[in-house]
Ligand SMILES: [Zn+2]
Ligand SMILES: [Zn+2]
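Residue numbers (our numbering): 5 to 334.
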């Protein structure tokens with residue numbers, strides 16, 4: 005099969021991946037083999053190929069927003085031909101303290117798709133059957149792919165921030181994940197304040213109904229109940245904190261931050277303001293979000309790249325040149 009391979013020993017500059025012919029994955033117990041029909045590109049993929057996160061395997065197929073059809077390893081719940089989604093959380097051990105306490109997103113021995121195991125920048129991918137989610141009909145492949153990480157983890161961020169209907173919510177950074185989260189916030193009648201660097205992202209926020217949109221050095225004109233940061237920048241977390249009312253929460257939806265600048269406790273954190281990180285996802289997050297996505301008809305804007313063009317897909321995410329989400333098709 006054709007696959008995009010990231011070699012971890014290389015210098016982290018473009019081209020990030022090489023397109024190669026490699027053997028199809030062999031079916032393993034408890035797994036399904038998928039024919040990949042689309043795979044979303046996430047900022048986490050960029051952190052991997054740019055060397056911010058370090059995969060253990062020397063040659064890795066990235067990609068953790070996989071839409072695929074079951075071709076081998078079918079189960080009664082997932083017969084051959086079933087269209088499923090596979091996300092970042094590719095498996096857990098099920099018996100660590102966190103798994104036993106309903107926090108499988110924090111599992112001590114997690115499997116991460118496209119990071120600790122091969123992912124979906126390929127024609128075929130292997131996935132654990134118990135971490136594959138049947139996808140609703142009515143949502144085509146390329147529009148389903150960004151729901152699988154950007155969507156699910158964006159939704160989890162709203163939960164971690166504790167967003168209530170009607171609240172004032174800030175979104176700092178407006179890529180794929182924020183573009184989906186705002187559609188849920190709209191349905192909850194929230195006022196949404198967007199701060200983002202890319203002009204295409206600001207246009208996208210306006211078209212999706214943001215109450216107010218500003219550039220990266222601007223702050224919302226009102227105090228926020230909740231804020232979610234999507235940009236991989238500690239400075240942005242402090243900006244979000246600066247915008248918060250007393251008792252408000254900043255949820256940090258970023259697997260990696262450049263660094264956290266020092267900030268003033270008395271004015272920024274005092275008053276029971278909170279900063280919380282958002283780590284991974286549970287299967288329940290996935291099921292709940294996919295149900296909401298279907299009922300609200302949540303659709304990402306997508307730009308599609310061929311697998312052979314995977315490097316340009318990654319560059320599009322890096323430089324924020326496209327509105328919405330970037331998706332690779334094999
Ligand atoms: Zn566990
Ligand atoms: Zn992701």
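Glycine included, every Cβ here is placed at the ideal spot set by N, Cα and C.
- Scanning its chain for C-beta atoms nearer than 8 Å, with the 5 sequence neighbours on each side dropped, one finds around residue 59 the residues 10, 12, 52, 119, 120, in chain order.
- Residue side-chain check: residue 43 keeps its Cβ at 6 Å or more from all non-hydrogen atoms of ligand 2.
- The three-state secondary structure of residue 128, taken from DSSP, is strand.
- Residue 207 has its alpha-carbon roughly 17 Å from the corresponding atom of residue 303.
- For residue 96, the shortest separation between its Cβ and any heavy atom of ligand 1 lies below 6 Å.
- Annotated as proximal: residue 149 and residue 42, with beta-carbon spacing under 7 Å.
- Collapsing the DSSP output to three states places residue 295 in a helix.
- Three or more Cβ pairs closer than 8 Å define a contact, and the stretch 101-108 falls short of that threshold against the stretch 315-325.
- Only buried fits residue 327, as 16 or more other CB atoms lie within 10 angstroms of its CB.
- If you ignore the 5 residues before and after residue 153, its C-beta comes within less than 7 Å of the C-beta of 44, 46, 68, 69, 91, 92, all in its own chain and listed in chain order.
- Residue 31 sits close to residue 37, with the two beta carbons spaced by under 7 Å.
- Annotation for residue 35: no alpha helix (DSSP H) segment contains it, though the beta strand (DSSP E) segment containing it runs 35-45.
- In summary, residue 300 is exposed, with fewer than 16 beta-carbon neighbours lying within 10 Å of its beta-carbon over all protein chains present.
- For residue 332, the enclosing beta strand (DSSP E) covers residues 329-333.
- Assignment of residue 233 by DSSP, reduced to helix, strand and coil, places it in the strand class.
- In the three-state scheme derived from DSSP, where H, G and I count as helix and E and B as strand, residue 134 is classed as helix.
- Considering only 176, 237, 140, 246, the residue with the shortest C-alpha distance to residue 72 is 140.
- Note: residue 309 is bridge-paired with 332 in the DSSP secondary-structure output.
- Per DSSP, reduced to three states, the secondary structure at residue 74 is strand.
- CA-to-CA, the gap between residue 306 and residue 270 works out to about 43 Å.
- Assigned with DSSP and collapsed to three states, residue 101 falls in helix.
- Residues of the same chain with a CB within less than 6 Å of the CB of residue 64, apart from the 5 flanking positions on each side, are 10 in chain order.
- Relative to ligand 2, residue 48 has its C-beta within less than 6 Å of a heavy atom.
- Contact between residue 146 and residue 333 holds, since their C-beta atoms are separated by about 7 Å, short of 8 Å.
- Assignment of beta-bridge partners to residue 6 by DSSP yields 25.
- For residue 102, the distance from the CB to the nearest heavy atom of ligand 1 is below 6 Å.
- Here the alpha carbons of residue 215 and residue 34 stand approximately 47 Å from one another.
- In chain order, 51, 56, 57, 236 place their CB closer than 7 Å to the CB of residue 260, counting only its own chain and leaving out the 5 sequence neighbours on each side.
- Given a length threshold of 3 residues, each whole run of the beta strand (DSSP E) inside the stretch 175-201 is given here in chain order: 195-199.
- In this structure, the beta-carbon distance from residue 130 to residue 155 does not fall below 7 Å.
- The continuous alpha helix (DSSP H) containing residue 157 extends over residues 154-165.
- For residue 192, the distance from the CB to the nearest heavy atom of ligand 2 is not below 6 Å.
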